[in-house]
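Take a look at the structure set out below.
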Amino acid sequence: MGQEQKTGVGDAEKAADLLVAVAETLNSRLAVTAVELARSQTLLREASGELMTAFRGAADRLVSAQKALPAGTAERRTEYGVVLDHLYRAVEHLQSHDLVNQLIDAQKLRVEKMREKLEEALALATAPIADPQRPDQWLERSRAMLDCIVAGIRQIDEDARTPIRTDKEHAGSVDLF
Amino acid sequence: MKTILAVDDSATMREMVAFVLESAGYRVIEAEDGAQGLDRATSTSVDLVITDQNMPNMDGLTLVRSLRELRDYKSVPILLLTTESSDSMKAQGRAAGATGWLVKPFDPATLLEVVQKVLR
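Quick note, the sequences are listed as chains A and B, same order. Under this note's numbering, the first residue of the first sequence is numbered 917, with each subsequent residue one higher. Under this note's numbering, the first residue of the second sequence is numbered 99, with each subsequent residue one higher.
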């Protein structure tokens, strides 16, 4: 083997190792992100669960009290109306909790899909090179790994085109056809 | 008493819609996706359908199209209540036969106004 080919093999091997190191680092960072997202979601779900229980208790009592109200009790009706307004405001905020939960689900899915692709890329790096003295074989493996990573990024881009939106500008808007 | 079918895969959202409508004197039945919504609509007489768009099994637009094919649902109002707010989605809703499009999170007073209007 000539000096030039030796250098070529060495460079290709280094580049392949660097790619593996980058993929491993990214994968471990995403693993941490996945854990943090899951933890945030658990905390949010617990808080939402408590709020929903309190809301349900108040709402059920109000609805049954309203139904039982005899005609002509305007004062009580006004009183219930005030409570109802407060509950209506709670409805708006509880919906936001629910939408944030869905957003976290979407982010978790994206992280999971990217990690799957990174793991696929890393699995390619464990396959033995048929002829390690040939730089083109190292390059071929690096290219296959990169294809995998790029496919993962494309998946994220596609998912981003169909997101669960909490578009403040349009929230609450109404169009009647 | 008017009966309203609320279709959404989120239990919280169904509960919110049901509370607001029941507090105004409507009867609410619930379904957790389009397929179940279609099933409920064919087994019960419904005066209004409020459906989410993105759901497993059957999405909101498919539910609208399926309901419009049924004789009993040719003129029953159907509202989409969804996070989707793009003009192209709204156009699809209109073409499918939806009566209106509301973007989440909804304001309870506005929802009641719209419901009263389409049920008139």
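Beta carbons are placed, not taken as given, at the ideal position from N, Cα and C, and that holds for glycine. Owing to the predicted nature of the structure, the values given are computational and were not obtained by experimental measurement.
- Of the candidates B:Lys188, B:Thr180, B:Tyr124 and B:Gly135, the residue whose Cα lies closest to the Cα of Val105 of chain B is B:Gly135.
- Exclusion of the five residues before and after Ala129 of chain B leaves Leu103, Val105, Gly135 and Arg138 as the residues of its chain whose Cβ lies within less than 7 Å of its Cβ.
- For Ala129 of chain B, the enclosing beta strand (DSSP E) has its first and last residue at Arg125 to Ala129.
- Note on geometry: alpha-carbon atoms of Ile1045 of chain A and Arg1057 of chain A lie some 8 Å from one another.
- Following the DSSP letters along the chain, one finds Ala104 of chain B inside the beta strand (DSSP E) bounded by residues Thr101 to Val105.
- Shown here is that no member of the segment 1035-1069 of chain A has a Cβ falling below 8 Å from a Cβ of chain B.
- Taking the CA atoms as reference points, Phe1093 of chain A sits about 13 Å from Met187 of chain B.
- For Thr208 of chain B, the enclosing alpha helix (DSSP H) begins and ends at Pro206 to Leu217.
- Distance between Gly924 of chain A and Met1061 of chain A, taken at the CA atoms: about 19 Å.
- Met156 of chain B is positioned such that its CB atom lies closer than 9 Å to that of Asp131 of chain B.
- Below the 7 Å Cβ cutoff, chain A contributes Val1090 as neighbours of Leu200 of chain B, in chain order.
- Less than 9 Å divides the Cβ of Ala954 of chain A from the Cβ of Lys1024 of chain A.
- Residue contact with chain B for Arg972 of chain A: present (Cβ-Cβ distance below 9 Å to some residue of chain B).
- In terms of Cβ geometry, Gln1018 of chain A and Ser183 of chain B do not form a close pair [threshold 9 Å].
- Leu200 of chain B sits close to Thr208 of chain B, with the two beta carbons spaced by under 9 Å.
- Contact check for Ala974 of chain A and Leu1015 of chain A: beta-carbon distance about 22 Å, past the 8 Å limit, so the pair fails to qualify.
- Residues of the segment 109-129 of chain B with a C-beta atom less than 8 Å from some C-beta of chain A are Thr110, Met111, Glu113, Met114, Phe117, Val118, Glu120 and Ser121, listed in chain order.
- Close CB contacts of Val174 of chain B within its chain, under the 8 Å cut and outside five residues either way in sequence, are with Val144, Asp145, Leu146, Val147 and Leu165 (chain order).
- Exclusion of the five residues before and after Lys202 of chain B leaves Leu179, Thr180 and Thr181 as the residues of its chain whose Cβ lies within less than 7 Å of its Cβ.
- With a minimum length of 4 residues, there is no unbroken run of alpha helix (DSSP H) contained wholly in the segment 1008-1042 of chain A.
- Listed along chain A, no residue sits closer than 9 Å to Ala104 of chain B by beta-carbon distance, the nearest being about 13 Å off.
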